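J.: Questions regarding the structure given below will be posed in turn.
Protein chains: 4
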Amino acid sequence: MQAIVKRHPGGGWEPAELPMPEPGPGQALLQVLVAGICGTDLHLVDWTPWAASRVVTPRVLGHEMAGRVLAVGPTVDRPRVGELVGVESHLVDGTCRQCRRGDFHVCAATRILGVDVDGAFAEAVVVPARNCWPTPEALGPEVTAFQEPMGNAVHAAVQGPLRDRTVLVTGAGPIGCAAVAVARAEGAARVVAVDRTAERLAMALAMGADEGVTTAGVAAGDLASRLSQACRGEADAVLEMAGAPDLLRAALTVAAAGGWVSLLGLGSADLRLDLDRLVVMRGLTLFGVTGRRQFQTWERTTGYLASGAVDVRPLLTHRFALAHFDDAVAVARSGRGGKVLIYPGNGPVP
Amino acid sequence: MQAIVKRHPGGGWEPAELPMPEPGPGQALLQVLVAGICGTDLHLVDWTPWAASRVVTPRVLGHEMAGRVLAVGPTVDRPRVGELVGVESHLVDGTCRQCRRGDFHVCAATRILGVDVDGAFAEAVVVPARNCWPTPEALGPEVTAFQEPMGNAVHAAVQGPLRDRTVLVTGAGPIGCAAVAVARAEGAARVVAVDRTAERLAMALAMGADEGVTTAGVAAGDLASRLSQACRGEADAVLEMAGAPDLLRAALTVAAAGGWVSLLGLGSADLRLDLDRLVVMRGLTLFGVTGRRQFQTWERTTGYLASGAVDVRPLLTHRFALAHFDDAVAVARSGRGGKVLIYPGNGPVP
Amino acid sequence: MQAIVKRHPGGGWEPAELPMPEPGPGQALLQVLVAGICGTDLHLVDWTPWAASRVVTPRVLGHEMAGRVLAVGPTVDRPRVGELVGVESHLVDGTCRQCRRGDFHVCAATRILGVDVDGAFAEAVVVPARNCWPTPEALGPEVTAFQEPMGNAVHAAVQGPLRDRTVLVTGAGPIGCAAVAVARAEGAARVVAVDRTAERLAMALAMGADEGVTTAGVAAGDLASRLSQACRGEADAVLEMAGAPDLLRAALTVAAAGGWVSLLGLGSADLRLDLDRLVVMRGLTLFGVTGRRQFQTWERTTGYLASGAVDVRPLLTHRFALAHFDDAVAVARSGRGGKVLIYPGNGPVP
Amino acid sequence: MQAIVKRHPGGGWEPAELPMPEPGPGQALLQVLVAGICGTDLHLVDWTPWAASRVVTPRVLGHEMAGRVLAVGPTVDRPRVGELVGVESHLVDGTCRQCRRGDFHVCAATRILGVDVDGAFAEAVVVPARNCWPTPEALGPEVTAFQEPMGNAVHAAVQGPLRDRTVLVTGAGPIGCAAVAVARAEGAARVVAVDRTAERLAMALAMGADEGVTTAGVAAGDLASRLSQACRGEADAVLEMAGAPDLLRAALTVAAAGGWVSLLGLGSADLRLDLDRLVVMRGLTLFGVTGRRQFQTWERTTGYLASGAVDVRPLLTHRFALAHFDDAVAVARSGRGGKVLIYPGNGPVP
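Read top to bottom, the protein sequences are chains A, B, C and D. Numbering follows the numbering used here, with no gaps: position 269 of the first sequence is 269. To convert a position in the second sequence, counted from 1, into the numbering used here, add 350. To convert a position in the third sequence, counted from 1, into the numbering used here, add 700. To convert a position in the fourth sequence, counted from 1, into the numbering used here, add 1050.
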């Protein structure tokens, strides 16, 4: 089968012809219907320090995907052959303290699809049966695949109350825009989205934001007043999806006393902040958010989509055949549009 | 009556003879039995920027106290005249959004006793009847007064699970030591306390810590490994009572994935940290903690004390007559012992 | 002023001319704009055993109301004169254990407006300022008044998860129908309403129920299978608003393992049930629901209404002048329509 | 190997010589070190209607056990061969809606060890590796085995707050007594235990109850006042472990407004109660409790035991060799003592 592989340490990737994998006990073999590109994939492509410290080559990339169950290994009841499934990309050990508590998303031994095991930019992939999330056919493969990143948004958004709250979403990429839609579906009184680019703010407005705030050309010192203006005072909840320190500080500044903040964006490796004034004195709660609850978040995510409460199709903006992976990467890098999807094979894409 | 008053903006304070106050509707007049000195009082004495920006003079200082109800104003059923009461030092408006939700501790219009209204370093004080917390006589005035700072410790300690957890308490002053005792009472598997001074670590051990770690002479870069060693690996919960940035970073470093951190200590006005690696990627939750829940925290605090589950008397180490307030302040400044208590009047103290 | 008064123990009521009341400290004087009739009012009119055991005459009846603030007593900041307010009908002592925990709705010393103190079927009424809930003018007096009974529905509906759940609402009076709308707004996957009368089921469908099930002519033994059919299997959540034992048993029978049930309806004073099989073995949780959280439920209720997520106007079906209180009572007794509203004065009503 | 087997439908059981089982993928083979007799076992022995409707013969009985891991099947990392393990007796499918939410204890397809699959009254047993709970050697096999029934007590006891609460435990068998100890460890202010027999009340007092109330010779109408007297008023929490309708009604009568009740005992198949007055009007919450959370409850249970906060050894009162199973059953039937333990083999027991 055709796959996108990181052969050796260092930047780049190459197409490869690999043998079809086989499912062992507790596993399922999936035909990859479609797969999304995520920032993590770019880390691997670019061989950033994080990637260099973690990834063992060779490795098939990709972790956001929809699949069709081709076969299951011994002892597997579900999923059933033929089912459409989304895939939880975090493979957990099931036996560590966190897993035993049901907190699988912080498993101490998490392996990630396309990072620590071979992934989804291929014609087929083997995953634990447990990681398959059967999804109604009506959603279709693209939306099914998008459940994985949307799950991040949902996990971040449901850490605290949203109903009747003013919600500030910093970062309007696909995950941020999904968070906007979730906040709206949960009855937020006002949703403000922030991003650098006009394209993404337009996307956020399409997903239900009341107002979009651009950071382009705004001095760091003016950010808080801009956010406050857009929030009409304070933000009861902040969903941080940008990983931009200046913006995070500004967002904390406009957070209401007793409010809450979900931190999902990466990019604050050297953050400076006045913890006393911004967090302690006003009794804020900050949630570091990683992964998705397995599988409460998935149930909720599918629910939003299947009921029509959230429609993410406007966020799925680019499609490429696997054979044009380089073009796909270039678009994903631009930080402008929505989700970039990869179709296995060489053929035309929808 | 005799009182300690800040007459004018600027450092210092002076004793003053004031008229006895009278309770209006909804208020109670309390005889001050004993009052504690807190770091906030030193801010006012020293007229720090925070104090200068907030306090209007003249002002009677002091906010940690036990009182005897001398009289109540119109419409007051409780407390009853003659009752021993602790006093919630945060006076709330009861009508803001936070108060209406029951989150009185983050009231947007909080006024603090001894900061925004006349306080407890006096022979008598008027407070809202609502702020009086009737306390069993058996606890005695000193422990009754200590419920206020202990409430901070309790509020911080009950933000997440403690039972069977490894709990790291950074800062072993009176509040940190009370937190040690609460963690112990709640079934923590291991409690580690950290402080600069040997006196305070000894106090923490007396309150039930399994191990005390001194920061004296330890390089910032070695702190995390020292904490990890004392925690025998990771800390499931961190109770931050020190307000020391290096120590906070080290504590976050040893926090377990999915763990939680209460932030109570002030002193991180210019914190630098790797938010990505320390908080986001490991799914930590950070609780900024201010005040106490009114009055769930008080019920719990009194419960620990009345049942004997926590005995805070070893933390009450110094006693002075109001007439020797300067000596009391000097001891409180030293950062070495436990709580410094002030007795109104000139007489000998217990 | 004109008022509806229960003069002496026993059935009935009489109109009376009373002096205008005056607000004391902590109180507000409200002009009654409109007031609703509730089942509790009928208990007083009919002098049922419960009423006889509780009510001291003379008593002005009525507790669901919207008011305009005419004046406030000493020490009252809020509400402001001129504001439109809904009224929390449960007057609490603020000092019992439950109140101190913030659980005002189960205050041990609750006094109810129109039951234990003079009520709302009058041109004006005095209530504690604390019990006034300022409401946006745009909602208008009728919807403002309806917040009190709708609060019961909200309080019942938010005890457990609704999103993506199948929700069974037993009893489709005004409160049951409001619960249907709340379940819908909260993302329930399927909402089934049950009632005896076709009028009320039609009302439930108008409020968003997917299916209405009539109990008229259905044998007790067939109820569960009818409910199961309508629920397409099991109910994840049951909102019990009917107080009908046969129906409650049937509802528990179709509740899913691990599901939850809010019990609001009265009428099960002599219930028989198989607790083992229906509740214990399947791990159900049953919430006895009384009153509303003060004031978290109010915030949420107003939020549903102000945002347009819930429109209760179809539930407000009858209007009478105070002078025609007997006609109003007759309609309320019929158990057929929606909420019956009383306008003070003799004039024509909207 | 020797085992206790129900060969055919109907009362009784017989010893049998069976082949040693072998672990398949995902399974572990355990040497049974010791196993407890539970009321459920008596249902099978006596072939009650519940047993007749559920059990398929032949079946090896027994589900409370401690084991030593002899071997594991393919794909099993944990437990490790040689480990001491307790065994979660509820085998879940892992794929139903409840399991996917992490609510394994209400799995719709639960199979129970010794009921639906061959059980623990044997020299060895095969169970899913997932169901093995590694336990510190220091606890020893008997306490390790007792974690399963104690887990019921823990699961029931932690449904609501216990600290500073008056807790009423109805039924003082091994599970009720374990609940007494848990309530004590969690800081209950007062713990009252109720049972028919003096032996069990003595056991409850030994486990930390403040007072024991006998129901022997007490008229149903007097129960509530007896309980109220022992509770010194009201019970904030009720842990119902008796399954006796009169006692349950009395317990609900003394429950405080806003209080909570865990229902674990079976025996209320035809309960009559005044739901209006006992549950609805006072805002009680009733938790039907089945099984244990997998594995949060196990972590907590082991924590109580390993820390010494709870010592259940006084509850382990009788020991028999498998060869004397009939004597063991007779003691278990008496309803007088504590837990009856079975040792595989014929030899003398500790």
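Beta carbons: idealized from backbone N, C-alpha and C, even for Gly. Note that the structure is predicted; figures quoted are calculated from it, not measured.
Just the C-alpha distance for G423(B) and P429(B), rounded to the nearest angstrom, thanks.
T.: 11 Å
J.: Take F1337(D) as the anchor and find which of R1386(D), A1207(D), H1368(D) has the nearest alpha-carbon.
T.: A1207(D)
J.: Answer with yes or no whether the minimum CB distance from H105(A) to chain B is below 8 Å.
T.: yes
J.: Taking the alpha-carbon positions, what's the R54(A) to T1125(D) distance?
T.: 24 Å
J.: Determine the burial state of T1107(D): buried for a count of at least 16 other Cβ atoms within 10 Å of its Cβ, exposed for fewer.
T.: exposed
J.: What are the partner residues of D545(B), as DSSP defines its beta bridges?
T.: T564(B)
J.: Which residues, in chain order, does the segment 421-447 of chain B contribute to contact with chain C at a C-beta distance below 8 Å?
T.: Listed in sequence order: P424, T425, D427, R428, D443, G444, T445, R447.
J.: Between which two residues does the beta strand (DSSP E) harbouring R328(B) extend?
T.: Because chain B here runs from 351 to 700, residue 328(B) falls outside it and cannot be looked at.
J.: By how many angstroms is the C-alpha of T985(C) removed from the C-alpha of C581(B)?
T.: 39 Å
J.: Which residues, taken in chain order from the segment 645-665 of chain B, show a beta carbon closer than 7 Å to some beta carbon of chain D?
T.: E649, R650, G653, S657, A659
J.: Quick check on the DSSP output: what are the complete alpha helix (DSSP H) runs of length 4 or more inside the segment 1138-1178 of chain D, in order along the chain?
T.: 1147-1150
J.: What separation, rounded to the nearest whole angstrom, lies between the Cα atoms of L1316(D) and K689(B)?
T.: 53 Å
J.: Candidates D327(A), V127(A), D41(A), S268(A): which alpha carbon is nearest Q27(A)'s?
T.: V127(A)
J.: At 3 residues or longer, what runs of the beta strand (DSSP E) sit wholly inside the segment 847-889 of chain C?
T.: 866-870
J.: Is R190(A) close to chain B, meaning its C-beta is less than 8 Å from at least one C-beta of that chain?
T.: no
J.: Among G762(C), G1037(C), T953(C), which one has its Cα closest to the Cα of V817(C)?
T.: G762(C)
J.: Out of curiosity, what's the CA-to-CA distance linking V961(C) and S612(B)?
T.: 35 Å
J.: Which parts of the segment 1323-1383 of chain D are runs of the alpha helix (DSSP H), unbroken and 4 residues or longer, counting only runs that do not cross its ends?
T.: 1346-1357
J.: Look up W610(B) in the DSSP assignment and say whether it is helix, strand or coil.
T.: It is a strand residue.
J.: At a CB distance below 7 Å, what residues from the segment 503-536 of chain B approach chain C? Give them in sequence order.
T.: Correct list: empty, as no residue qualifies.
J.: Is DSSP giving G140(A) helix, strand or coil here?
T.: helix
J.: Using 8 Å as the Cβ pair cut-off and three pairs as the minimum, do the segment 325-336 of chain A and the segment 431-439 of chain B touch?
T.: no
J.: What are the residues in the segment 107-118 of chain A lying within 7 Å of chain B by C-beta distance?
T.: A108
J.: Given this structure, state the Cα-to-Cα distance separating L555(B) from E64(A), to the nearest angstrom.
T.: 50 Å
J.: In or out: E1236(D) buried (at least 16 other Cβ within 10 Å) or exposed?
T.: E1236(D) counts as buried, since no fewer than 16 other beta carbons sit within 10 angstroms of its beta carbon.
J.: Check whether the Cβ atoms of R576(B) and V568(B) lie closer than 8 Å to each other.
T.: yes
J.: Relative to the alpha-carbon of P141(A), which residue among V69(A), P19(A), R130(A) has its alpha-carbon at the smallest distance?
T.: V69(A)
J.: According to DSSP, R409(B) sits in a beta bridge with which residue or residues?
T.: K356(B)
J.: Decide if H708(C) is buried, meaning its Cβ has at least 16 other Cβ atoms within 10 Å, or exposed.
T.: With fewer than 16 other Cβ atoms within 10 Å, it is exposed.
J.: Is I37(A) near L322(A), with beta carbons less than 8 Å apart?
T.: By the CB criterion at 8 Å, I37(A) and L322(A) fall outside the cutoff.
J.: What is the rounded straight-line gap between the Cα of V154(A) and the Cα of Q147(A)?
T.: 10 Å
J.: Pull up the distance between the alpha-carbon of A574(B) and that of V115(A), whole angstroms please.
T.: 28 Å
J.: Could you pull out every residue in the same chain whose Cβ sits closer than 7 Å to the Cβ of L666(B), ignoring the five residues on either side in sequence?
T.: Within its own chain, the residues whose Cβ lies closer than 7 Å to the Cβ of L666(B), once the five positions on either side in sequence are excluded, are E492, F496, G688, K689, L691, listed in chain order.
J.: By a C-beta neighbour count over all protein chains shown, 10 Å radius and 16 as the cutoff for buried, is V431(B) buried or exposed?
T.: exposed
J.: Take D1036(D) as the anchor and find which of A1188(D), T1220(D), H1093(D) has the nearest alpha-carbon.
T.: Because chain D spans 1051 through 1400 in this model, residue 1036(D) falls outside it and cannot be assessed.
J.: Going by CA-CA distance only, name the one from D327(A), A220(A), M20(A) that's closest to D246(A).
T.: Comparing Cα positions, the closest option is A220(A).
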